[in-house]
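Quick note on numbering: our numbering labels position 299 of the sequence shown as 299, and the sequence is numbered without any gaps.
Just so it is clear, CB atoms sit at the ideal spot from N, CA and C, and this is done for glycine as well.
These figures come from a predicted structure and were not determined experimentally.
As structure tokens, the structure follows; a few thoughts come after it.
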Amino acid sequence: MTHVILVVEDIKDWSAYYPAKHLMTAQEYLQSSASFPAGRVQVINLCRHYRYLSPGYYCSLLAEARGHRVLPSVRTVNDLSRKALYGLHFESFDAALDKAMKKHPQHGEQLSLKVYFGQTELPGLQELARQIFDQLPCPVLQVEFRRRDDWTIESVKPLGIHQLKGKEEDEFAKAIEAFNAKVWRKSSGRKKFRYDLAVLVNEDEKLPPSDKVALRKFTKAGAELGINVELIGREDYPRLAEYDALFIRETTGLDHHTYQFARKAEQEGMVVMDDPGSILRCTNKIYFGELMQAHKVAVPKTRFLFRDANLDMDEIVADLGVPIVLKIPDGSFSRGISKADSAENLNAALAEYFKQSAVVLAQEFMFTDYDWRIGVLNNRPLYACQYFMSKGHWQIYNHKDGGKTESGTFRTMAVQEVPAKVLKVALKAARLMGNGLYGVDLKQSGDRVVVVEVNDNPNIDSGVEDKWLGDDLYRQVMLEFLRRMEARRLGLAI
């Protein structure tokens, strides 16, 4: 159970709100070194200031030293102290800012916005407020926008609740109630659980790594092992630290909130799959290709083509043969991949791909009826599947016009049935990624076995990857989380 403590600098600062059972002054919190309840403690620091060496600063500092989860963290406090630091959080914010301002048109050159736990009273700017809070989690923020040629964030600073008046107090009260709705939980349904595991999902994703039935099976398997498994979404980023572990079941990307979740979980000392390193190594095909070749892991014959280079299309065709498979670095589920069957088509395809990426990966085409997928968990084979190509298509997934996607059939088998060479190559590739959960895709042509890619959050769907192991597949994944959480608690290496 998570115990919430509200810390204020002066008890009068809370006078406008309902009495709170776990309300403490900063002085009481700082001097109470051994009077906290057992279990996880979430501190919401509502001090008037967070300036260096102020009571608010020390409350966040000592909260972290005591192992308490605290909002804002010392890192956030430090980032908010100088624009040079918090500005780093918004370097790629221009598109989101322009989109938000179009929903809330401004006639002037300036706009001031108060953000309460990621909420704002201006509906058109709600998504923007949430994104700002994701980057700088702090109870109350005052954000100043200025328009020159385009809108920019001029400043971000924390506010104390003593500075709020009238309607602002109402907005704060609603926001803190909504924020804590999932933190102030009843303990009766959770007493049997030793650990809490968050599963990051996106209910709107068309091709998620796990379907709803599989997610229910993960939840059931966790409960049987004393793990409380909860599905969370992108909006739950600020409360991530209240869990012991994070399991990402949403398609990942480096320029994506999934990577931010993984990084935050790792920084908080949580067990996490996919970890940030695995996402980095797996999602970028250029990085992956270079890594495999450097360690002499067999892959299809590959070349990296650079946008500013003087490319000889005839020479590339002569080297790789036709057709040539082209891939942008961060494609997934057969997206961002195409074939070129001549030097002329290659030149046209590259012209389009170079608009998206400075580097394009070109590979020889290996025709096979199916791709192997070997699921690997902590460097051990977990499951094995053969994914057959979509009917009349050269890939497993066939993305058609209108958003429709077709996929081929599959065959799931016991790991013991997999050819020894396929397993050996798959495990060698997975070891280069780390010790997490991976799906290694391979092609086999006669005695030749090559790695196509390694997925950092492989599909585990009901009736497909679990066809052979059944519910034991979900149990094995949860057992690995349990082992890691126990090791983390005891201070042992994972």
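Report the rounded CA-to-CA distance for H3 versus S60, giving the unit in angstroms. 16 Å
Using alpha carbons as the reference points, say which of F306, W468, Y237, N78 lies closest to S54. N78
On the criterion of 16 or more Cβ atoms from any shown chain inside 10 Å, does S445 qualify as buried, or is it exposed? exposed
Y353: first and last residue of the uninterrupted alpha helix (DSSP H) it sits in: 343-353
Exposed unless 16 or more other CB atoms sit within 10 angstroms - verdict on M485: buried
Can you tell me the Cβ-Cβ gap for L231 and V272, rounded? I've got them flagged as a contact below 8 Å. That pair is no contact at about 16 Å.
Quick one, which of T412, G408, V451, Q142 has its alpha-carbon nearest K421's? V451
Would V7 and V43 qualify as a contact pair, given that the criterion is a beta-carbon distance under 8 Å? yes
Residues bridged to Y195 (per DSSP): I227
In this structure, how does DSSP classify R190 when only helix, strand and coil are distinguished? Confidence is the limiting factor: at R190 the pLDDT is only 46, short of 50, which leaves the residue's position unreliable and the question unanswerable from this model.
Nearest-angstrom Cα distance between A348 and L442? 29 Å
Is V183 helix, strand or coil by DSSP? Summary for V183: the model assigns pLDDT 48, below 50, so the residue's position carries little reliability, and this model does not support an answer.
Provide the residue span of the alpha helix (DSSP H) that contains C59, from first to last. 55-65
Determine, using beta-carbon pairs with one atom in the stretch 462-473 and one in the stretch 349-356, whether at least three such pairs fall under 8 Å. no
Is the CB-CB distance between L427 and P381 below 8 Å? yes
Quick one: what's got a C-beta closer than 6 Å to R194's C-beta in the same chain, skipping five residues either side? G226
Between the Cα of A362 and those of E109, I316, L46, spot the shortest distance and give me the residue it belongs to. I316
Any idea which residues DSSP pairs W151 with across the strands? R147
Rounding to the nearest angstrom, what Cα-Cα distance links V454 and M292 in this structure? 10 Å
Run through DSSP, which three-state label would K296 get? coil
Going along the chain, which residues of its own chain have a beta-carbon closer than 6 Å to the beta-carbon of E144, five neighbours each way excluded? S112, E154, S155
Evaluate the contact criterion for the stretch 134-141 versus the stretch 66-75: three or more CB pairs, one atom per stretch, below 8 Å. yes
Distance, Cα to Cα, D274 vs E266? 10 Å
If you reduce the DSSP assignment to three classes, tell me which class S278 lands in. helix
Per-residue burial, K114 [other beta carbons within 10 Å of its own, 16 or more giving buried]: buried
Does the Cβ-Cβ distance between E177 and P208 come in under 8 Å? no
Scan the stretch 297-323 and note each continuous alpha helix (DSSP H) run of 4 residues or more that stays entirely inside, going in chain order. 313-320
Taking 7 Å as the limit between beta carbons, can you name the residues of its chain near W468, skipping five residues before and five after? Y383, T412, M413, A414
According to DSSP, what are the bridge partners of I5? V43
Cα-Cα separation, P276 to I11: 41 Å
Mark A318 as exposed unless 16 or more other C-beta atoms lie within 10 angstroms of its C-beta, in which case mark it buried. exposed
On a Cα-Cα basis, can you pick out the residue from D170, M433, L320 that is closest to H295? M433
N- and C-terminal bounds of the alpha helix (DSSP H) containing Y29: 26-31
Apart from the five residues on each side of it in sequence, which residues of its chain come closer than 6 Å, Cβ to Cβ, to Y243? D196, A198
Going by DSSP, which residues form a beta bridge with P381? V376
Please classify R489 as buried or exposed, where buried requires at least 16 neighbouring CB atoms within 10 angstroms. exposed
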